[in-house]
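Engineer: In terms of the UniProt record's numbering, the sequence shown opens at residue 1 and continues consecutively.
Using N, Cα and C, we set each Cβ at its ideal position, and we do this for glycine too.
This structure is a prediction, so every number in the text was calculated from the model and none was measured.
Got a structure for you, questions after.
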Amino acid sequence: MLNDHFFEYASQKITEGQSFYASHIKLMVQSLNKELYELLDPTNDAIFLNPMLFAFLNDDTGKITLEQILYGAVPPEKRMQRVTVVSNSKGQIYLPLYGCITLPVLKEQHYTLITHNKDLRIEVFDGTTLIPHLFRTNPVLHESRVELQCVSNYFTEHYLPENYASQPSFCSKPKKVEELHQAVAILQQQYPRYYSLFCQTTKWLLPFTNSKSNSFASLGMHGVGFINTYKSTGVVGYLEDIVHQCGHVLFSALTYDTGAYFTIPPVTAIKDFTNDPNDDRTFYVLLHGVFTEALMCEAFDICLQNHVFDAQKEHELKGRYAYILLRFVLDIQILLNHNYFTPEGQTLFDAIYNHMVEQYKKHSSLLQTYDLTNQPYNFDLTKFNAKNKMPKTEHSSF
Numbered sequence: 001m002l003n004d005h006f007f008e009y010a011s012q013k014i015t016e017g018q019s020f021y022a023s024h025i026k027l028m029v030q031s032l033n034k035e036l037y038e039l040l041d042p043t044n045d046a047i048f049l050n051p052m053l054f055a056f057l058n059d060d061t062g063k064i065t066l067e068q069i070l071y072g073a074v075p076p077e078k079r080m081q082r083v084t085v086v087s088n089s090k091g092q093i094y095l096p097l098y099g100c101i102t103l104p105v106l107k108e109q110h111y112t113l114i115t116h117n118k119d120l121r122i123e124v125f126d127g128t129t130l131i132p133h134l135f136r137t138n139p140v141l142h143e144s145r146v147e148l149q150c151v152s153n154y155f156t157e158h159y160l161p162e163n164y165a166s167q168p169s170f171c172s173k174p175k176k177v178e179e180l181h182q183a184v185a186i187l188q189q190q191y192p193r194y195y196s197l198f199c200q201t202t203k204w205l206l207p208f209t210n211s212k213s214n215s216f217a218s219l220g221m222h223g224v225g226f227i228n229t230y231k232s233t234g235v236v237g238y239l240e241d242i243v244h245q246c247g248h249v250l251f252s253a254l255t256y257d258t259g260a261y262f263t264i265p266p267v268t269a270i271k272d273f274t275n276d277p278n279d280d281r282t283f284y285v286l287l288h289g290v291f292t293e294a295l296m297c298e299a300f301d302i303c304l305q306n307h308v309f310d311a312q313k314e315h316e317l318k319g320r321y322a323y324i325l326l327r328f329v330l331d332i333q334i335l336l337n338h339n340y341f342t343p344e345g346q347t348l349f350d351a352i353y354n355h356m357v358e359q360y361k362k363h364s365s366l367l368q369t370y371d372l373t374n375q376p377y378n379f380d381l382t383k384f385n386a387k388n389k390m391p392k393t394e395h396s397s398f
């Protein structure tokens with residue numbers, strides 16, 4: 001098990017990392033729009049850790065305004081009376097920390113948002129024409145402050161793969177949404193140490209569907225777990241994906257100073273040291289990978305110990321668990337017995353390695369129990385069930 005000292009260290013470094021990112025964002029916002037910056041609370045880092053700010057500062061199109069992104073962060077009595085906003089192709093205007101405005105015009109275009117500060121009433125104009133609208137707050141997952149991001153915008157569409165099925169197609173399915181809520185509830189109840197870090201770093205879960213893409217996280221839109229629902233079928237799959245992708249988010253904060261962990265440039269290609277010319281990962285990406293593998297294994301181990309799932313879902317969980325162990329064995333060989341790490345990096349690596357050795361000793365029998373020979377790069381439940389007989393269902397919490 002990853003011990004309390006490890007999580008205390010991780011929490012401290014993540015706090016430092018989030019503060020580091022927020023400080024840089026503050027300086028950039030101040031330089032771009034000092035008048036707007038002075039309306040904000042500079043002591044509230046959460047304002048400046050908005051994923052859309054990271055994307056905005058990496059974008060040069062000016063398609064979404066800084067005023068739209070920060071509208072909800074300004075105290076109501078100080079809000080700008082007139083703000084230019086842009087809708088998506090569904091006629092939705094997303095305002096972080098505020099809510100979503102839905103218009104009857106189903107196309108992407110710019111509007112003027114008028115705020116009446118006396119009664120906090122808002123109006124939307126297309127030129128001089130008043131446009132009727134509906135307003136709703138942004139939904140959050142379970143009891144966290146993490147938004148289930150069901151509204152696409154220019155930035156999310158930039159980061160998502162081509163030909164994806166948008167978030168609303170997922171969010172309109174109550175059963176699927178409930179399974180995501182259940183996965184977050186399990187983390188809160190069963191793995192509170194991870195859940196605390198998850199809430200500290202993740203701002204959105206953004207579901208999408210694409211047959212040719214993986215789930216992912218990106219520092220270019222820090223704070224978002226992009227969850228591909230194409231293969232993540234059910235609560236067990238979502239549990240794995242949330243721990244995995246949001247584990248990348250928290251690791252990006254933890255290792256904000258990447259140079260503190262490596263004796264070589266973190267962006268050094270693995271294939272420069274191995275005989276695999278097809279492995280395009282860097283050493284930093286590989287460390288990201290083994291870190292999230294350790295988190296996924298601990299989450300699954302806890303669920304097995306506490307009999308969280310019925311027999312059918314536990315069967316799936318064990319198959320996913322075995323596949324993570326198999327991938328870890330392959331990944332870890334590259335990092336062992338080399339002087340790639342500084343003392344701080346070695347301490348972090350040793351904590352991950354020792355935990356995974358413990359996990360392997362405890363659950364290596366799964367590798368003999370299950371046939372994983374037909375698995376692609378990402379675990380495929382349909383292929384797993386084709387090779388491994390499903391037990392009869394029993395009842396439990398989920």
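Between which residues of its own chain and Thr-65 is the CB-CB distance below 8 Å, once the five residues before and five after are set aside?
Structural biologist: In the sequence shown, counting from the first residue as 1, residue 65 sits at position 65. Excluding residues within five positions, the ones whose Cβ falls inside 8 Å are Val-83, Thr-84, Val-85, Val-86.
Engineer: Since Thr-282 is in the alpha helix (DSSP H), which residue starts that stretch and which ends it?
Structural biologist: Within the sequence shown, numbered from 1, the residue matching residue 282 stands at position 282. Counting along the chain, Thr-282 falls outside any alpha helix (DSSP H), and DSSP gives it neither H nor E.
Engineer: Alpha carbon to alpha carbon, what distance is there between Leu-141 and Glu-178?
Structural biologist: Taking the sequence shown and counting its residues from 1, the one referred to as residue 178 is at position 178. Taking the sequence shown and counting its residues from 1, the one referred to as residue 141 is at position 141. Cα to Cα, Glu-178 sits roughly 9 Å from Leu-141.
Engineer: Using CA coordinates, which residue listed in Thr-209, Thr-201, Pro-376 is at the minimum distance from Ala-253?
Structural biologist: On the sequence shown, position 253 is the one that residue 253 refers to. Out of Thr-209, Thr-201, Pro-376, Thr-201 has the C-alpha closest to the C-alpha of Ala-253.
Engineer: Run through DSSP, which three-state label would Gln-346 get?
Structural biologist: Sequence index remark: in the sequence shown, residue 346 carries index 346 (1-based). It is helical.
Engineer: Any idea what DSSP makes of Thr-205, helix, strand or coil?
Structural biologist: Here the question's residue 205 lines up with position 205 in the sequence shown. It is Leu, not Thr, that sits at residue 205 in the sequence shown. Three-state DSSP puts Leu-205 in a strand.
Engineer: Taking Cβ to Cβ, would you say Tyr-261 is nearer than 7 Å to Thr-373?
Structural biologist: Residue 261 sits at position 261 when you count from the first residue of the sequence shown. Residue 373 sits at position 373 when you count from the first residue of the sequence shown. Cβ distance not < 7 Å, so Tyr-261 and Thr-373 don't count as in contact.
Engineer: Can you give me the C-alpha to C-alpha distance between Thr-137 and Cys-100, rounded to a whole angstrom?
Structural biologist: Here residue 137 refers to the residue found at position 137 when the sequence shown is read from its first residue. Here residue 100 refers to the residue found at position 100 when the sequence shown is read from its first residue. Approximately 6 Å, taken between the alpha carbons.
Engineer: The alpha helix (DSSP H) with Gly-234 in it runs from where to where?
Structural biologist: Residue 234 sits at position 234 when you count from the first residue of the sequence shown. Gly-234 -> alpha helix (DSSP H) spans 234 to 254.
Engineer: Going by C-alpha to C-alpha distance, which of Tyr-37, Val-236, Glu-143, Glu-157 sits closest to Lys-90?
Structural biologist: Here residue 90 corresponds to residue number 90 of the sequence shown, with the count starting at 1. Out of Tyr-37, Val-236, Glu-143, Glu-157, Glu-157 has the C-alpha closest to the C-alpha of Lys-90.
Engineer: Could you tell me which whole alpha helix (DSSP H) segments of length 4 or greater appear in the stretch 363 to 389?
Structural biologist: Listed in chain order, the complete alpha helix (DSSP H) runs (minimum 4 residues) inside the stretch 363 to 389 are 365 to 369, 381 to 387.
Engineer: By how many angstroms is the C-alpha of Ala-22 removed from the C-alpha of Ala-46?
Structural biologist: Counted from its first residue, the sequence shown places residue 46 at position 46. Counted from its first residue, the sequence shown places residue 22 at position 22. Approximately 8 Å between the Cα atoms of the pair.
Engineer: Please return the same chain residues whose Cβ sits closer than 8 Å to the Cβ of Trp-204, not counting the five positions on each side in sequence.
Structural biologist: Locating residue 204 in the sequence shown gives position 204, where the first residue counts as 1. These residues qualify, in order along the chain: Pro-51, Val-146, Glu-147, Leu-148, Gln-149, Gly-223, Val-224, Gly-225.
Engineer: Considering only the beta carbon of each residue, do Leu-366 and Thr-233 sit closer than 7 Å?
Structural biologist: Taking the sequence shown and counting its residues from 1, one reaches residue 366 at position 366. Taking the sequence shown and counting its residues from 1, one reaches residue 233 at position 233. Contact flag unset, no.
Engineer: By how many angstroms is the C-alpha of Phe-54 removed from the C-alpha of Gly-319?
Structural biologist: Counting from 1 along the sequence shown, the entry for residue 319 is found at position 319. Counting from 1 along the sequence shown, the entry for residue 54 is found at position 54. Using only the alpha carbons, I get a separation of about 36 Å.
Engineer: Restricting to Cα atoms, I'd like to know which of Phe-309, Ala-311, Gln-312, Met-356 is closest to Gln-333.
Structural biologist: Looking up residue 333 in the sequence shown gives position 333. Closest option to Gln-333, Cα to Cα, is Met-356.
Engineer: Quick one: residues in its chain with C-beta nearer than 8 Å to the C-beta of His-395, no 5 flanking neighbours on either side, listed in chain order?
Structural biologist: Position 395 of the sequence shown, counting from 1, holds the residue named residue 395. With a pLDDT of 47 at His-395, under the threshold of 50, the modelled position of this residue cannot be trusted, and the question is left open.
Engineer: Tell me which residue opens and which closes the beta strand (DSSP E) that Leu-113 is part of.
Structural biologist: For the purposes of this step, residue 113 is taken as the residue at position 113 of the sequence shown. Run containing Leu-113: 110 to 116, per the beta strand (DSSP E) assignment.
Engineer: On the three-pair Cβ rule with 8 Å, is the stretch 101 to 111 touching the stretch 125 to 132?
Structural biologist: They touch, by the three-pair rule.
Engineer: Would you kindly work out how many angstroms separate the C-alpha atoms of Gln-305 and Ile-242, rounded to a whole number?
Structural biologist: In the sequence shown, counting from the first residue as 1, residue 305 sits at position 305. In the sequence shown, counting from the first residue as 1, residue 242 sits at position 242. Distance between the alpha carbons of Gln-305 and Ile-242: 20 Å.
Engineer: Are the CB atoms of Tyr-256 and Phe-20 within a distance shorter than 7 Å?
Structural biologist: For the purposes of this step, residue 20 is taken as the residue at position 20 of the sequence shown. For the purposes of this step, residue 256 is taken as the residue at position 256 of the sequence shown. The answer is yes: Cβ separation under 7 Å.
Engineer: Would you mind working out which of Phe-6, Thr-369, Phe-384 sits nearest Pro-376, comparing C-alpha positions?
Structural biologist: In the sequence shown, the residue the question calls residue 376 occupies position 376. The option with the nearest alpha carbon to Pro-376 is Phe-384.
Engineer: What does a CB cutoff of less than 7 Å around Asp-126 pick up in its chain, not counting 5 residues either side in sequence?
Structural biologist: Residue mapping note: residue 126 aligns to position 126 of the sequence shown, counting from 1. Result list for Asp-126: Tyr-111, in chain order.
Engineer: Return the residue from the list Thr-61, Leu-40, Thr-347, Tyr-94 that minimises the CA-CA distance to Val-74.
Structural biologist: Indexing the sequence shown from 1 puts residue 74 at position 74. For Val-74, the nearest C-alpha among the options comes from Leu-40.
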